[in-house]
Amino acid sequence: MPEIVRELQNLTGRRDVVGTVLKVNGGANSGHTVAGLKLNLLPGGVAEHDVGCLALGSGVVADPRKALWEALPVEKLGYPVLSRLLIDERCMVSDISHRILDLAWEDYRVNVLGQEARGSTGRGITPAYADEVGQMQIHYSEFLGNKSDYATRLSARLNRAADIVQNVCKLSPEKWSTLFTKLTEAELRANKGAIDAGVFTASEFDFTRFAGTKPFTFNHESVLAVYWEAGSKLAHTIGDVRERILSDLSADRRIIGEFGQAYWLDKRAGFAPNVTASHTYTPEFFQSAGIPVQAIHTVGCCKAYDTKVGTHVFITKMDESHPLQRALAKLEFGTSTGRQRMVGWSDLVEKADTLRYGGFDDLVLNKLDALSPHGEWTGGDLQLCTGYKDANGKIHLGV
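Numbering of the sequence shown is given in my numbering, commencing with residue 2 and proceeding in unit increments.
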């Protein structure tokens with residue numbers, strides 16, 4: 002992100018050339034590190050003081066508490082966030098119900114269907130998008146309205162989630178409270194830095210207060226109080242992203258759209274079921290921004306080697322005994338979950354098909370320096386995958 006902003010500034014001679022950086026899709030499941038800042042919801046432009054607006058588009062599912070958990074520690078480091086943040090009024094609210102559903106569906110896959118764990122982040126992204134598909138979403142515009150109206154919709158959502166967990170996911174009653182404990186432990190780990198810095202107290206991340214007194218019930222009063230407070234703190238940031246972007250375009254300012262995940266994790270183009278719940282490449286920009294389709298410059302971005310996390314088939318995975326694998330593994334942990342990423346050689350077949358079917362004008366190659374000698378890796382031949390050989394010896398040049 003900083004490199005793209007600098008390039009645009011150098012080409013135009015204007016420091017204000019980037020009007021808006023827009024998070025296009027996903028939610029708090031897609032981690033990225035910018036200028037040392039570990040981000041999920043906030044777009045990478047947060048580290049660039051010259052960027053006027055940090056926007057969350059209508060294609061994003063955003064937990065208001067998570068937005069504040071990210072924004073306030075970053076502001077303490079000297080980066081203005083809330084004064085530049087614009088959350089589209091059609092952006093979808095994700096909350097505790099989605100996170101509980103996320104964990105319950107994982108339990109269902111393992112203990113009812115007998116499948117492998119999918120490796121979900123537990124951030125509630127897929128259940129939140131399921132609400133959109135079912136026309137049951139709650140938009141951020143609700144925080145600009147009446148609390149009682151929001152309470153009615155939230156209560157229905159909580160009851161629906163509890164019913165699904167009990168009657169569809171078939172979660173055992175004794176596991177209900179453990180889901181809230183699991184979320185508490187995960188967020189205490191993820192936000193340890195902010196707690197140590199005094200930005201938040203540990204009690205902020207106590208999810209057990211949201212559990213009801215009986216299995217398969219929520220504490221509605223607690224959930225309503227906490228989420229309405231968080232949404233109210235963000236109320237001044239809620240508006241119409243469409244108009245902001247059209248205003249930037251009329252002033253000849255550039256818009257940078259930032260995608261979470263990657264082409265092969267797109268819910269339609271990717272390798273199901275190991276995909277995310279949103280669209281992860283260029284066409285979704287126009288949907289999330291809410292503007293007409295027009296000329297756009299797409300920059301592809303990848304590492305000089307490949308990484309995957311979860312249950313993906315990984316054709317180019319390095320042997321764990323390889324010294325480069327051991328060196329790279331020390332660098333590769335998920336920003337969102339802290340999970341160890343698998344490391345592999347660069348798969349040019351995947352990248353070529355991304356270019357052919359997804360399209361990009363430029364390709365940015367990150368982490369080339371990580372292939373230089375370091376740790377146990379003293380240098381040597383690097384491998385590239387240029388085709389797939391099947392059991393009959395036939396070479397396939399496409400995915």
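Here a beta-carbon is modelled for each residue, glycine too, at the ideal position from N, C-alpha and C.
Being a predicted model, the structure only gives us computed values, none of them experimental.
- Selection Leu329, Met343, Asp354, Gln341 evaluated against Leu369 yields Leu329 as nearest (Cα-Cα).
- The C-alpha of Thr317 lies about 22 Å from the C-alpha of Ser121.
- Just measuring C-alpha positions, the residue of Leu325, Cys54, Leu23 sitting nearest Pro374 is Leu325.
- In terms of Cα proximity to Trp106, the closest of Asp64, Val19, Arg66, Lys171 is Lys171.
- Distance from the CA atom of His221 to the CA atom of Ala212, rounded to whole angstroms, is 9 Å.
- Counting only runs of 4 or more residues that sit fully inside the segment 349-379, the alpha helix (DSSP H) segments are 349-354, in chain order.
- About 7 Å separates the beta carbons of Gly27 and Val61, which is inside the 8 Å limit, making them a contact pair.
- The beta-bridge partner set that DSSP reports for Tyr389 consists of His397.
- Between Lys352 and Cys302, the gap from beta carbon to beta carbon reaches 8 Å or more.
- Under the three-state reduction of DSSP, Val19 is assigned to strand.
- The continuous beta strand (DSSP E) containing Ile88 extends over residues 86-89.
- Going by beta carbons, Ala29 and Asp51 fall outside the 8 Å limit.
- The C-alpha of Asn168 lies about 42 Å from the C-alpha of Val82.
- Within 10 angstroms of the beta-carbon of Val113 lie fewer than 16 other beta-carbons, which makes it exposed.
- If you ignore the 5 residues before and after Leu145, its C-beta comes within less than 7 Å of the C-beta of Ala236, Ile239, all in its own chain and listed in chain order.
- Counting the other Cβ atoms within 10 Å of the Cβ of Glu259 gives 16 or more, which makes it buried.
- The residues Pro65, Val94, Tyr141, Glu143, Phe144, Tyr151, in chain order, have a CB closer than 8 Å to that of Gly232 in the same chain once the five nearest residues on each side in sequence are set aside.
- In the structure shown, the three-state DSSP call for Gly194 is helix.
- Judged by their CB atoms, Gly20 and Cys54 are nearer to each other than the 8 Å cut-off.
- Residue pairing of Gly258 in beta bridges, as defined by DSSP: Leu23.
- Excluding its 5 nearest sequence neighbours in each direction, Arg255 has C-beta neighbours in its own chain below 6 Å: Leu9, Val18, Val19, listed in chain order.
- An exposed status is given to Ile396, since fewer than 16 other beta-carbon atoms sit within 10 Å of its beta-carbon.
- Its Cα nearest to that of Lys215, the residue Ala163 stands out among Gln295, Ala163, Arg85.
- Non-local beta-carbon contacts of Glu377 in its own chain, meaning distances under 7 Å to residues more than five positions away in sequence, involve Pro324, Arg327, Ala328 in chain order.
- In the three-state reduction of the DSSP assignment, Asp320 falls in the coil class, being assigned neither a helical nor a strand state.
- Between the C-alpha atoms of Arg210 and Trp229 there is a straight-line separation of about 15 Å.
- Note on geometry: alpha-carbon atoms of His298 and Phe361 lie some 7 Å from one another.
- For Ala56, the enclosing beta strand (DSSP E) begins and ends at 54-57.
- Within the same chain, and ignoring the five residues on either side of Lys24 in sequence, the residues whose Cβ sits closer than 6 Å to its Cβ are Pro44, Leu57, Val61, Glu259.
- Taking all protein chains in view, the Cβ of Met319 is crowded by 16 or more other Cβ atoms within 10 Å, so the residue is classified as buried.
- The beta carbon of Glu133 sits closer than 7 Å to the beta carbons of Met93 from its chain, once the five residues preceding and following it are set aside; these are given in chain order.
- Between Thr277 and Gln288, the CB-CB gap reaches or exceeds 8 Å.
- Taking 8 Å as the cut-off, the Cβ atoms of Arg100 and Pro274 do not count as close.
- Each residue's CA atom was taken as its position, placing Leu398 and Asp354 some 9 Å apart.
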